[in-house]
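Here's the structure, in structure tokens; my notes come after.
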Amino acid sequence: MTPRNKMRSNSALGRLETSNEQSILKAAAVLTEPVAPRAQSSPAGLRARKSETQASAPPEWLLKEYLKGQRMRSHSIDMEDIAQGKTPPHRMDLTRSWRRGKIEHQVTLEDLKKIHIAFQEFEKRGRKFLDMDTFLWIMKKCVKSPNKCNEQIEQLFMKIDCTATGGIQWDDFCTYLQLEYSEQADSVARQREVYFTLPALSQGLSHSGPVLRIFSLPDDTLIMMGEDGVISFWSPQLTLKRRKLVFDKTINRKSKWVTDFISMPQYNKLIIGTGYVDPDKCLILYGDDQGCVNILFLASVGELLRTWKKLPPVENMPTVRIDRAVCSPNVKYVRWKVHEDWVTQLNYYDSIQVIISASIHEPTALVIGCTTGTTNVEQKMKEIKAVKKDGKVRKWHQASLGLPQRRAEGDQTVFRVHKGVKTFSFCKRNNLLLTGGMDRVIRIWNPYVPGKPTGMLKSHLAPVFYLHISAEENRIFSMSTDNTIKIWDLENHNCLFTACPKASGIQGELTACHYLSNIKVLCVATDSVSLLHLRMRARLGPHLVVSHKEPVVCCRYNKTFGHVVSCSQGSVIKVWDFETGMFLSEFIGAHGNAEITCLTFDSSGRRLITGGRDGCLRIWNYNSGHCLKTLTQDEKHNEVCDCTYVEVFQNKYIIAVGWDRRINIYFDSPHDFHHFWKPQPHWPDDLIRGHRDDILCVAQCPPSLLATSSYDGEIIIWNMNSGHIYCKLNIPVPTPCSEDSEDRSVSYLTFLKTRAAKFESTAASLISNGPQGSVIFWSLFSGAQLLASFIPSRGKSQISSIVVTTIDTCAYVADHQGYVYTYDIKDYALEGPEQEPPKNVKIWRAHVNAVTCLELVEKEKVLLSSSVDCTIRLWSMNGEYIGTFGQSELWDVFISASWKHPMVPNEILMDPQSMPLHQILAKDVSTLQINQLEEDKIIQEKSRAKPEQTLDISILEDHPTDLERDKEIHIQAPKQKRLPQERNKNSYKLFNPGWPNAYHTLKCHEVASIPSIGRKPDLSVIGIEEKNN
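Take the sequence shown: its letters are residues 1 to 1029, numbered as in the working numbering.
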């Protein structure tokens, strides 16, 4: 059945229309036909949603692997596994798996109608909720796409059934599709966001009359002319270069004013008219109050202008009247009657050799016409007879000044626009024509189809005064008479930015506008002149890749869907494909203006739980971006620092800790339909003997142990069955001579679960970080005590994350300098206290700043890391660099040829602290001392430097360079230590990276002397004896 309204074929927002068709269930006898068994596991395939910046062609490494004929295999299968009979997991064809997208993106409108009929048939038979097997059968029968597979359909079912009830309805299916497409559209709009720097840069004008027009020269000098004849020349920074009055005030003259002007930079002249055909020919156009388009064709322009300049001056100004100009030997004059009201704007476009003129007369609101018209035999005969009868050709020219001609119908295209057209803009590259006028609507036209506009932009509240199409930025700039400026996306027609007069600071009656595409500045003239600098999303260099615009707080791997979910301090949550690194979706403002502090998944992996500085936990169906529940605390809205999801005796709970110093437990009930949940009553031991300072971390060890740590260095082990305290641990007091002796906070805990499950009394069962960059092993049974403590970082950098393998054989430790250390702990602290650190297996630098999260994906033998430097990276467990999420080249985690290894991230390679001879590798120098020495050195150099020239900071801010972006990534990690008065202070502001200051001076130093022959270094300084060959 054909829909009455035209709808997008892949949209679920359209209204479904059904017809009396024969049941597809009856034809297939589905109620009695056995359904094919579904797979036991649901490995994540390539759920790649093609973005605009990613080409459809497979990458080079994929083509090479395909040509080699090699089967994709996991690098987690080694020779021992093959000897034991294990084989690599089955993989689909390379090119098919690469090009396959989400099944929900392959559903057409016809498919959606068939799915709706199938749901209705099952509902008639009493099956309101469909299980996965039935849904799988329906999708395979109704969806025509050849790329569908069982994996995709099963994952779609789990995305819809986010609460894991085992059944879905038609309403659930449509709601998910609607949220999916809505979030997809919002994500695309956010990626294209653009804005002006506010407030505008303004400068007062001395004109007594309004500015008629603004032009720019090739060097971006602005030329403005007012009705009083004052010409002003301005720099792009609104510095007045010079000004001149074209009328002589000393001579008594009649009242005169300027109506329009145009620049002719080739001849260094200003003249009424616009455009030129070639260096020897040009034409001058002007519109009058009778709706006529007047054209002067000039040949031998240079000679003609010199002749006119020699004419007798009028008021000390070379002047030529139009009736005399048309009598010149190299001038041809044409006058077309085009409109029935005055001409509001006209322009000549040499690319299509037509004149476009506009008027407020509705039937002839905009006309695209030729300059000279086609040859008309009858009209030519009349002209010849008139010439013979008069005998003087020039008299015909003079007579024709008052007798405008009308173009033939084939020589012009007329656009009828409601209330006429006041302004227009044409773009040859995109073949688009924009019109705006008194009805406040911007219409988008195909210049060859005048019947109906192809699009309409409705957002202005006043008549549209100015329009400009910038093909380079793919943007539309518009301004209305109420001084409101808007920026539109040229492709999807979304309004990207709106600047009201209060925000821009532009006041007064609008008289002229001009956009400078070279420096991306909009110039606006009222009773003052203002500049608005365009700020676009900075394009990073090929060597610089970021995953988020703000520091990444944490990231987690979801094995159910094969996703990596990350969150940043800007309250932005992003979803990535684990196998390829492809960006899938994002949603912003997850906690309003508050920062996200932690995240975790439920036991099914279908729901995401986030905590924020607003004191709330939120439960999400992250595949659609829908917030399912909001978990609140008390009225104080204390910050949530950490959260976890636990199961105790088949009961499911969400546990959150934070600045309220209490353990908040929320019962996860799928049958509770209230949106807001309150925590369960606190444990009595928590109220009486619990933490006395802010709780920073929580960790769980099945079946019933829970560990929490606080800012004062106290660790408490809880029995979740009874709610009582099992034991308490206290961090040793640092030595008073240390620079961070007051900081005893414990921000990370992890259980050694295989040891804790056996209740081994002498073995360490818990690992925590400690002061001065230490890692501490704790024994929990038969007397809680500290068994071992060591400092991984030679610079004593604070430890920020610790993860261990499933069988507790290897530990990965990350610090605030971005280093990752691998230790063999299989037999460490197993029989009692240890005096030496465990064996260090590997060390590498993963980030240039603090690592905020580590997670092991042991099935694929990879390590996931996130950092304050705004990146999320994937590594092999041996430290081989796979890639950064957000990079343009996709990888396949199962093919080592697609990895970045042996390369390393460029910013790590260039960072001074990555160099082997840096002071951070010295044993007796801490990181804080190193940073303080570098800061003192910079301050001394600045104090000695003499400023030579001050740069315009406003210009530099509009175009961030790669150097500035590098410096932004190298921002210092926030210290753990807080002031007492800051603990009860909530931050609702988005993260502000703070742009770096511009370099004011550069100094060059000469080398005093360079030895011609290199001298052998003295190795004894660093304790290495010289070897004799």
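Each residue gets a CB set at the ideal place from its N, CA and C atoms; glycine is no exception.
In the DSSP assignment, the beta strand (DSSP E) including residue i goes from what residue to what residue?
| i | result |
| --- | --- |
| Q913 | Here Q913 belongs to no beta strand (DSSP E), and DSSP marks it neither H nor E. |
| W875 | 872 to 876 |
| G287 | 281 to 287 |
| V1036 | Residue 1036 is absent from the model: the chain starts at 1 and stops at 1029. |
| S139 | Going by the sequence as given, residue 139 is Met instead of Ser. M139 -> not in any beta strand (DSSP E); alpha helix (DSSP H) instead, spanning 132 to 142. |
| Q345 | 343 to 349 |
| I271 | 269 to 271 |
| R443 | 441 to 445 |
| R755 | Looking at the DSSP string, R755 is not in any beta strand (DSSP E); the run it does join, the alpha helix (DSSP H), is 753 to 758. |
| Q412 | 412 to 415 |
State yes or no: is the C-beta of residue i nearer than 7 Å to some heavy atom of the ligand NAD?
| i | result |
| --- | --- |
| I619 | For the structure depicted, the ligand NAD is absent and the ligand set is empty, with no information on it obtainable. |
Buried or exposed: residue i, going by 16 or more other Cβ atoms within 10 Å of its Cβ?
| i | result |
| --- | --- |
| N431 | exposed |
| A164 | exposed |
| E491 | exposed |
| E1033 | Nothing about residue 1033 can be reported from this structure: the residues present for the chain run from 1 to 1029 only. |
| C810 | buried |
| I807 | exposed |
| D668 | buried |
| Q412 | buried |
| L979 | Reliability of the predicted coordinates at L979 is poor, the pLDDT of 38 falling under 50, and the value obtained from them is presented with this limitation in mind. Looking at its Cβ environment, which holds fewer than 16 other Cβ atoms inside 10 Å, L979 is exposed. |
| N674 | It is worth fixing the name first, because residue 674 is His in this sequence and not Asn. Burial call: exposed. |
| H1005 | The pLDDT assigned to H1005 is 41, lower than 50, so where the model puts this residue is not dependable; a value taken from the coordinates is nonetheless given after this. Exposed is the call here. |
| Q817 | buried |
| L285 | buried |
| R845 | buried |
Considering only residues of the same chain and omitting the five flanking positions on each side of residue i, which have a CB-CB separation below 6 Å?
| i | result |
| --- | --- |
| S624 | Y176, L179, E180 |
| N721 | S704 |
| S761 | F781, S782 |
| G436 | T423, I442, V464, L467 |
| H626 | L179 |
With which residues is residue i paired in a DSSP beta bridge?
| i | result |
| --- | --- |
| C523 | H514, L531 |
| K728 | I716 |
| C297 | Checking the sequence, you will find Phe at residue 297 rather than Cys. In the DSSP output, where bridge partners are listed per residue, F297 has L283, K332. |
| T600 | I609 |
| R618 | T610, T630 |
| T805 | The partner list for T805 (beta bridge, DSSP) is empty, contrary to what the question assumes. |
| S359 | V343 |
| I262 | I271 |
| W844 | V820 |
| T364 | Answer is none; T364 lacks a bridge partner. |
| M456 | R443 |
Could you please give the first and the last residue of the uninterrupted alpha helix (DSSP H) stretch that includes residue i?
| i | result |
| --- | --- |
| H637 | Note, H637: premise wrong, no alpha helix (DSSP H); not H, not E. |
| H563 | That residue, H563, is in no alpha helix (DSSP H); its beta strand (DSSP E) goes 563 to 568. |
| A707 | No alpha helix (DSSP H) holds A707; the beta strand (DSSP E) holding it covers 705 to 710. |
| L786 | Taken as a continuous stretch (DSSP letters only), L786 belongs to no alpha helix (DSSP H), being part of the beta strand (DSSP E) at 785 to 790. |
| D111 | 109 to 124 |
| L687 | 684 to 689 |
Tell me which residues share the same chain as residue i and place their Cβ nearer than 7 Å to its Cβ, disregarding the 5 neighbours each side in the sequence.
| i | result |
| --- | --- |
| I519 | D220, P236 |
| T372 | V334 |
| A471 | C427, R429, N430 |
| T481 | A462, P463, F465, L510 |
| T239 | none |
Looking only at its chain, what residues have a beta carbon closer than 8 Å to the beta carbon of residue i, apart from the 5 residues adjacent to it on each side?
| i | result |
| --- | --- |
| C567 | V552, V553, C554, C555, I573, K574, A590, I596, L599, T610 |
| H361 | G291, H339, E340, D341, G420 |
| L130 | F119, F122, I138, G167, I168, Q169 |
| R407 | W336, V338, G369, C370, G373 |
| G505 | L198, P199, A200, S202, S530 |
| R689 | I725 |
Going along the chain, which unbroken runs of the alpha helix (DSSP H) with 4 or more residues stay wholly within the segment 157 to 239? 170 to 191
Taking only runs of the alpha helix (DSSP H) that begin and end inside the segment 317 to 341, which ones reach a length of at least 4 residues, in chain order? 322 to 325
Report the start-end ranges of each alpha helix (DSSP H) in the segment 458 to 512 that is 4 residues or longer and not cut off at the edges. 501 to 504
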